[in-house]
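Note sheet for the following structure.
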Amino acid sequence: IYLRLSKEDGDVAAGSRQESNSISNQKSLVQDYLESQKDIEVVSVRIDDGYSGVDFNRPEFQAMMKDIRDRKVDCVIVKDLSRFGRNYIEVGRYIEKIFPILGVRFIAINDNYDSINENNSEIVTAFKNLVNDSYIRDLSVKIRSNLEAKRKKGEFTGSFAAYGYRKSETNKGQLVVDEFAAGVIRDIFNMKLGGMSPGAIADKLNDSHILSPMEYKTSMGENFRTSFKTNKKAKWAAGTVLRILGNELYTGVLVQGKRGTPNHKIKRMEVKDKKDWIRADNTHEAIIDKFYYDTIQRIMERETRRPPSGKGIYLLGGLIYCGNCGKPMIHKICKGRKKHKDDIPNEYVYYVCKTNKEVKGCSGHRISEKVLFDTVFKELKYHIRTVLDVEDVLGKIDKVQLNEIQVKKLNAHILCKQEELMKAAELKSGIYEDFKDGILDREEYQSLKTEFNNRIEEAKEAISLYNDEKRKLADNKNPKYEWMEYFKKYKELKELTREAAVIFIDRILIYEGNRIKIRYTFGDQLKDILECLTADTRKEAM
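Residues 3 to 544 (my numbering) make up the sequence shown, in order.
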């Protein structure tokens with residue numbers, strides 16, 4: 003006897019159609035049928051409770067098939083074909099091929115089907131299986147639609163909350179902070195800001211006897227499983243740290259629907275295109291500040307080389323670029339000769355243009371690490387002091403007047419970007435005409451089209467950001483410049499640190515003659531405010 007009930011079928015209130023699908027009712031119906039079938043002896047009752055009819059990889063079904071192959075069973079009885087399965091192709095394969103080959107009699111009671119009865123209509127069987135397949139397809143669509151609706155509303159639909167969070171006890175669709183794990187998450191991000199590599203962070207966590215995400219959840223009583231576990235006891239690994247550092251969830255953003263099955267018949271999970279992911283902002287409390295998160299994403303894209311120890315990143319790694327060609331500068335060490343065998347050789351550490359080093363395509367200018375570090379430290383301290391001085395000034399002036407000046411500047415920026423947008427659209431239209439006239443070949447056309455599309459998208463994005471800034475100014479007549487808060491922690495910076503460098507510096511450009519130009523992460527904001535303050539001063543003087 004084989005009985006099955008899926009989660010979707012449920013075991014609902016009496017009187018509804020699904021009630022007859024309950025395990026108890028299935029068993030009762032089969033036993034009533036067997037009272038009139040004296041030639042059939044019950045060997046076993048196999049029950050798959052909570053398993054979908056689409057997938058035949060069910061534990062009790064597979065156990066039944068093993069009994070059949072071991073010649074312990076030669077007859078299978080089900081309430082109806084839908085209890086056997088809802089994938090009509092697979093059901094048909096079992097009924098018409100597998101069972102006959104294995105000499106198994108198959109009975110579906112409510113469908114009046116018995117394989118030893120020659121009057122069975124194959125057409126009726128195929129039709130019933132088609133109906134069952136249609137049912138599961140419709141059910142799949144409903145489930146997917148329901149999940150999508152929940153995700154768009156910002157409800158968490160996963161089985162387990164990510165490390166650092168747990169499901170609310172009163173609302174399973176809401177994530178709440180797990181304070182202990184959240185503390186570990188903050189430590190991981192701080193260690194990364196400080197220049198540690200993912201591998202070094204994992205080693206430190208293991209040395210500190212911090213349970214890995216899987217072991218922690220297990221210790222908290224969760225029946226958690228992951229495909230990333232490779233050992234009996236899961237430890238922290240570089241890959242685990244990287245996944246945490248790249249997870250936007252920790253900024254309060256919920257991104258779901260990243261993976262899914264193509265349809266109800268194929269159970270293989272596939273990664274979806276990013277455009278199909280469902281994103282909802284501010285759905286739960288953030289553990290990591292968005293600016294710090296973005297800083298780490300920016301710097302991880304650039305980090306390529308580590309010191310020989312492998313435990314960290316070069317102090318200014320991912321920040322130093324050639325001012326002429328724009329390519330990264332390479333860290334090099336030149337060791338001097340030893341005067342005596344036991345002497346420690348002198349080292350000259352410097353940076354040289356990658357293009358010049360590899361293909362001689364740029365000037366051979368270089369800069370010593372000491373000169374670079376000393377200059378950057380001096381300039382960074384001055385930049386931090388300037389920002390904090392400006393903040394003091396902002397606290398003493400008329401914010402309304404300053405707002406008006408900022409709005410005018412934003413309008414000017416928007417106008418400039420709109421002109422860029424129109425120009426790019428015009429050029430894009432022109433290259434199509436050139437392609438039609440044979441002036442450009444297909445490859446040239448596609449390349450230029452991509453370039454102009456990128457320009458158009460960049461202009462649109464910039465316009466959107468400027469409009470957002472205008473809305474913020476309109477909503478808040480006495481604005482706080484929140485980005486200035488990041489500088490207060492580094493007011494008394496005593497030495498150049500990896501953390502301060504990656505937070506405040508976007509890139510360092512090196513030119514010939516040891517000339518250095520630093521682009522700061524908040525450089526544009528500071529420039530705008532200084533211009534507004536200057537304009538405000540001129541207005542008062544008039």
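Just so you know, even glycine gets a beta-carbon here, dropped at the ideal spot from N, CA and C.
Between Ile290 and Phe158, the beta carbon gap of about 18 Å keeps them out of contact (Cβ cut-off 8 Å). Scanning Val392, Gly328 and Leu511 for the CA closest to the CA of Gly363 turns up Gly328. Counting C-beta pairs closer than 8 Å gives fewer than three between the segment 96–116 and the segment 240–254, which falls short of the contact rule. Ser199 sits buried, since 16 or more C-beta atoms from the chains shown fall within 10 Å of its C-beta. Shown here, His385 sits in a helix according to DSSP, grouped into three states. If you draw a straight line from the Cα of Ser161 to the Cα of Leu417, it is about 48 Å long.
DSSP, reduced to helix, strand and coil, places Asp376 within a helical segment of the structure shown. In the DSSP assignment, the residues bridged to Pro330 are Tyr323. Note that the C-beta distance between Ala503 and Leu317 is below 8 Å. With contacts defined by Cβ atoms closer than 8 Å, Ser8 and Tyr53 form a contacting pair. Excluding residues up to 5 positions away in sequence, Gln408 and Lys411 lie with their Cβ nearer than 8 Å to the Cβ of Asp530 in the same chain. Setting aside the 5 residues that flank it on each side, Ala164 is surrounded in the same chain by Leu251, each with a C-beta closer than 6 Å to its C-beta; the list follows chain order.
Lys496 counts as exposed, since fewer than 16 other C-beta atoms from the protein chains shown sit within 10 angstroms of its C-beta.
When the five nearest sequence neighbours on each side are left out, the beta carbons in the same chain lying within less than 6 Å of the beta carbon of Asp283 are those of Val255, in order along the chain. Here DSSP, grouped into helix, strand and coil, assigns Gln258 to strand.
Between the segment 319–326 and the segment 511–518 there are three or more C-beta pairs closer than 8 Å, enough to call the two in contact. Asp34 is classed as exposed because its beta carbon has fewer than 16 other beta carbons within 10 Å across all chains shown. Within 10 angstroms of the beta-carbon of Met271 lie fewer than 16 other beta-carbons, which makes it exposed. Shown here for Ile246: same chain residues with a beta carbon closer than 6 Å to its own, the five before and five after excluded, namely Ile190 in chain order.
Contact between Gly55 and Ile138 holds, with the beta-carbon distance rounding to 6 Å and staying under 8 Å.
Scanning its chain for C-beta atoms nearer than 6 Å, with the 5 sequence neighbours on each side dropped, one finds around Ile386 the residues Phe489 and Tyr492, in chain order. The way I'd put it, the segment 166–181 doesn't touch the segment 204–213; fewer than three beta-carbon pairs between them come closer than 8 Å. For Leu535, same chain residues with a beta-carbon under 7 Å away, outside a window of 5 residues either side, are Val395 in chain order. The shortest CA-to-CA distance from Val273 to any of Ala427, Lys260, Gly201 and Asn59 is the one to Lys260. Distance from the Cα of Thr253 is smallest, within the candidate group Leu450, Trp279 and Thr297, for Thr297. Under the three-state reduction of DSSP output, Asp508 falls in the strand class. Under the three-state reduction of DSSP output, Leu177 falls in the strand class.
Contact between Asp50 and Arg60 holds, since their C-beta atoms are separated by about 4 Å, short of 8 Å.
In this structure, Val389 sits near Leu528, with a CB-CB distance shorter than 8 Å. Per DSSP, reduced to three states, the secondary structure at Lys438 is helical.
In the three-state reduction of the DSSP assignment, Phe162 falls in the coil class, being assigned neither a helical nor a strand state.
Taking C-beta atoms under 8 Å as the contact rule, Glu349 and Ile335 qualify, at a distance of about 6 Å. Assigned with DSSP and collapsed to three states, Ser147 falls in helix. Non-local C-beta neighbours of Trp485 in its own chain, meaning closer than 7 Å and more than five positions away in sequence, comprise Phe524 and Gln527, ordered along the chain.
Ser147 has its alpha-carbon roughly 24 Å from the corresponding atom of Phe58. Cβ-Cβ separation between Val93 and Phe86: approximately 6 Å, consistent with a contact (criterion under 8 Å).
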